[in-house]
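Student: Throughout the sequence shown, residue numbering follows the working numbering, covering 59 to 390 in sequence.
Note that CB positions come from ideal geometry on N, CA and C, so glycine has one too.
Remember, predicted model here, so these are calculated numbers, not experimental data.
I'd like to ask some things about the structure below.
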Amino acid sequence: MLEKTIIQMFPLSLRDVFKKVAKDGNNIQEIRLRANRPVIVFRKQEDTGSYTEFYLTKEGEWESDVSKGFCISTYELEELLNHLCNYSIYAYDEEIKQGYLTLPGGHRVGLAGQVVWERDAIKTMKYIHFMNIRIAHEIKGVSEKVLPYLYSNGMFQNTLIISPPGCGKTTLLRDIVRNISDGNAYGEGVTVGVVDERSEIAGMYHGLPENDVGKRTDILDACPKVYGMMLLVRALSPKVIAVDELGSMEDIEALERTIHCGSRILATIHGDSIETVREKRFMKHITGDKVFNRYILLGKRDGNCIVEGIYDQDFGICSNYNRYDGMRSQHN
Numbered sequence: 059m060l061e062k063t064i065i066q067m068f069p070l071s072l073r074d075v076f077k078k079v080a081k082d083g084n085n086i087q088e089i090r091l092r093a094n095r096p097v098i099v100f101r102k103q104e105d106t107g108s109y110t111e112f113y114l115t116k117e118g119e120w121e122s123d124v125s126k127g128f129c130i131s132t133y134e135l136e137e138l139l140n141h142l143c144n145y146s147i148y149a150y151d152e153e154i155k156q157g158y159l160t161l162p163g164g165h166r167v168g169l170a171g172q173v174v175w176e177r178d179a180i181k182t183m184k185y186i187h188f189m190n191i192r193i194a195h196e197i198k199g200v201s202e203k204v205l206p207y208l209y210s211n212g213m214f215q216n217t218l219i220i221s222p223p224g225c226g227k228t229t230l231l232r233d234i235v236r237n238i239s240d241g242n243a244y245g246e247g248v249t250v251g252v253v254d255e256r257s258e259i260a261g262m263y264h265g266l267p268e269n270d271v272g273k274r275t276d277i278l279d280a281c282p283k284v285y286g287m288m289l290l291v292r293a294l295s296p297k298v299i300a301v302d303e304l305g306s307m308e309d310i311e312a313l314e315r316t317i318h319c320g321s322r323i324l325a326t327i328h329g330d331s332i333e334t335v336r337e338k339r340f341m342k343h344i345t346g347d348k349v350f351n352r353y354i355l356l357g358k359r360d361g362n363c364i365v366e367g368i369y370d371q372d373f374g375i376c377s378n379y380n381r382y383d384g385m386r387s388q389h390n
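Structure (structure tokens):
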């Protein structure tokens, strides 16, 4: 199934080049495409489990020598974009101006080119000659070892996942959502609302989730967190609301309003330590007021994603993991 969804991303003229990439889909993290530059594929090495850059030849073979790499042309990138948009780019204008496309299977294509700016906002993007195809790998069960620390007397606790880029925060968030929604050994299933601002959590495609986020989960796709959290509270009354990548004072204010309305929160934020998150200006108030009961710190060792530690509201350690192998194959 993964092989099929990957190869179908490409127009017929490029499928021979990417056939081997598609067959090795379980080990592929990203496909970087830049006009008139060699295609770079981030592929997991079997011996170390870490991801390494590889190039592709015109025949689609792996190559470590950049001089032998296949350089994709501007025309081929334009053809690829047309294919990804089902040959109707204007129908995808809203996604393009956000800088990404969501594909079947929950895969995403990051886009860059010339931005058309109008009235203090991005109107659209043209000359899109830089793309990053991120291969989605849904991994169920990665949250099993952290779940015992996220509940108290059967109630889910407000939880913040702290992670540097590429350490699996969205993967962990997604699996926690599924377990909260379906129920688990520590709490019965409850209604969950997801504000999926970048379409990464549920992997929505044509209004339906491509990823399993649980049977009691409602999703607001491509909606800013600031508006989405309160919209969910008013419209669907979720017991828990999940959001990805807190990044502004406005996000924090919306989060606090949500909590005051009675919903629990599951969120993520970029950071490489508890200290760096506490030092963020927009986080000082919320950490000082002990809004979050649990903090999960992610990291990476030997190329693998791990849980460095789980902390309580006073930032005391709840549990410490030397290695969390359940997340090693997913970077998100």
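#1: Looking at C-alpha atoms only, which residue of D105, L114, K358 and K81 is the closest neighbour of R95?
#2: Looking at the structure shown, is M67 part of a helix, part of a strand, or coil, going by DSSP?
#3: Does DSSP put T249 in a helix, a strand or coil?
#4: Who are the Cβ neighbours of D279 in its own chain at under 8 Å, not counting the five residues just before and after it?
#5: Mind checking T110: buried by the 16 CB within 10 Å criterion, or exposed?
#6: So, under 8 Å CB-CB, G118 and V167 are touching, yes? Tell me the CB distance rounded to an integer number of Å.
#7: Taking only the alpha-carbon atoms, compute the straight-line gap between A149 and C143 and give it to the nearest angstrom.
#8: Give me the residue from V301, L60, A170 and M287 with the minimum Cα distance to G164.
#9: Rounded to whole angstroms, what's the CA-CA distance from L208 to G320? Just pull it up for me.
#10: Measuring only the C-alpha atoms, how far is F68 from L138?
#11: Distance check for F128 and E268, CA to CA, integer angstroms please.
#12: What residues match up with Y158 in a beta bridge as DSSP calls it?
#13: Could you name the residues that DSSP lists as bridge partners for H328?
#14: How far does the beta strand (DSSP E) with R177 in it reach, from first residue to last?
#15: Going by C-alpha to C-alpha distance, which of V79, E308, D270 and S108 sits closest to E121?
#16: Anyone know if the C-beta pair for F340 and M307 falls short of 9 Å?
#17: Could you compute how far the alpha carbon of I375 sits from the alpha carbon of I368?
#18: Please report the straight-line C-alpha distance between E337 and T345, rounded to a whole angstrom.
#19: For the alpha helix (DSSP H) that K227 lies in, which residues bound it at each end?
#20: When the Cα atoms are used, what is the spatial distance from G251 to L230?
#21: Since V298 sits in a beta bridge, which residues does DSSP pair it with?
#22: Can you tell me where the alpha helix (DSSP H) with Y133 in it begins and where it stops?
#23: Could you give the first and the last residue of the continuous beta strand (DSSP E) run that contains D105?
#24: Just verifying my parser: in three-state terms, what is the DSSP assignment at S306?
#25: For K77 and I65, I'd like the C-alpha separation in whole angstroms.
Tutor: Let's see:
#1: L114
#2: coil
#3: coil
#4: D254, S257, A260, M262 and G265
#5: exposed
#6: Actually they are not in contact, since the Cβ atoms of G118 and V167 sit about 19 Å apart, beyond 8 Å.
#7: 8 Å
#8: L60
#9: 17 Å
#10: 6 Å
#11: 31 Å
#12: G168
#13: S221
#14: Where R177 is concerned, there is no enclosing beta strand (DSSP E), given that its DSSP letter is neither H nor E.
#15: V79
#16: yes
#17: 6 Å
#18: 10 Å
#19: K227 to D240
#20: 16 Å
#21: V250 and R322
#22: T132 to L142
#23: That residue, D105, is in no beta strand (DSSP E); it is neither H nor E in DSSP.
#24: coil
#25: 6 Å
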